[in-house]
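Contents: one structure, followed by commentary.
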Amino acid sequence: MNLKLRSQAGATLVEIIMVVALIALITIGVLTYFNSANQSSKVEQTINNLTSLTSAIRNQYATQGDYSGITEAVVYNFANVPVMMKSGTAGQLIHPWSSATTAVTISTASPFDTFTMGLGGLDSATCTDIASKIYRHFDAVAVGASAVTSVATAQSACAVSSPTMNITVR
Numbered sequence: 067m068n069l070k071l072r073s074q075a076g077a078t079l080v081e082i083i084m085v086v087a088l089i090a091l092i093t094i095g096v097l098t099y100f101n102s103a104n105q106s107s108k109v110e111q112t113i114n115n116l117t118s119l120t121s122a123i124r125n126q127y128a129t130q131g132d133y134s135g136i137t138e139a140v141v142y143n144f145a146n147v148p149v150m151m152k153s154g155t156a157g158q159l160i161h162p163w164s165s166a167t168t169a170v171t172i173s174t175a176s177p178f179d180t181f182t183m184g185l186g187g188l189d190s191a192t193c194t195d196i197a198s199k200i201y202r203h204f205d206a207v208a209v210g211a212s213a214v215t216s217v218a219t220a221q222s223a224c225a226v227s228s229p230t231m232n233i234t235v236r
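Heads up, the sequence shown is in this note's numbering, so the first residue is 67 and it goes up one at a time.
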């Protein structure tokens with residue numbers, strides 16, 4: 067009778083291992099979902115910030131008639147630039163994937179009727195997500211030397227190491 071009680075007294079090692087494995091699988095699933103949701107949130111935040119930044123630049127330069135003299139340092143000082151795009155360093159704009167000095171660049175060229183926002187420090191998947199969602203909302207979107215005109219061209223253009231995206235706005 068003593069032997070029967072001993073065999074029923076507690077969980078076996080196999081049962082404990084199964085419970086730990088189940089907990090590990092649940093944790094992995096939750097973390098995977100969280101990372102995916104976090105990535106999607108950053109992409110949407112970046113798109114919203116680019117749209118807001120575009121509006122801020124257009125509003126500030128409306129009376130001037132062109133975009134001559136535009137730089138990151140000038141834009142940084144606008145009151146209506148999204149706070150999430152401002153780094154701790156004056157004149158430096160950033161995005162969620164990079165805080166490098168070249169994360170977000172702003173430039174123009176003669177005849178100064180357009181300006182270009184550059185996004186550097188992206189990985190291929192992020193580049194594809196952003197480019198495929200914005201190519202129809204701006205005058206031109208290019209990754210490297212490749213124009214983005216569809217989701218397929220976004221995927222092929224972003225399939226490089228450290229892609230740089232250029233967004234042209236009129």
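Cβ atoms here follow ideal geometry from the backbone N, Cα and C, with glycine treated the same way.
Computed from a prediction, not measured in an experiment: that's the story for all the values here.
Beta carbon of residue 156 nearer than 9 Å to that of residue 133: no
Residue 220 classed as buried or exposed, judged by whether at least 16 other C-beta atoms fall within 10 angstroms: buried
Reduced DSSP secondary structure (H/G/I, E/B, other) of residue 93: helix
Simplified DSSP assignment, three categories, for residue 123: helix
Beta-bridge pairing of residue 159 - partner residues as DSSP gives them: 152, 170
Collapsed DSSP secondary structure at residue 82 in the structure displayed: helix
Where the beta strand (DSSP E) through residue 230 begins and ends: No beta strand (DSSP E) contains residue 230, which DSSP labels as neither H nor E.
C-alpha distance - residue 209 paired with residue 217, whole-angstrom precision: 12 Å
C-alpha distance - residue 150 paired with residue 90, whole-angstrom precision: 35 Å
Distance, residue 85 Cα to residue 77 Cα: 10 Å
Where the alpha helix (DSSP H) containing residue 191 begins and where it ends: 190-200
Three-state secondary structure assigned by DSSP to residue 144: coil
Residue interval of the alpha helix (DSSP H) (run including residue 217): 217-224
Beta-carbon spacing of residue 190, residue 226 below 9 Å: yes
Identified DSSP bridge partners for residue 184: 171, 232
Distance, residue 88 Cα to residue 98 Cα: 15 Å
Paired residues, beta bridge with residue 214 - DSSP: According to DSSP, which records beta bridges pairwise, residue 214 is partnered with nothing at all.
Residue nearest to residue 205 in terms of C-alpha spacing, selected from 186, 235, 80, 181: 235
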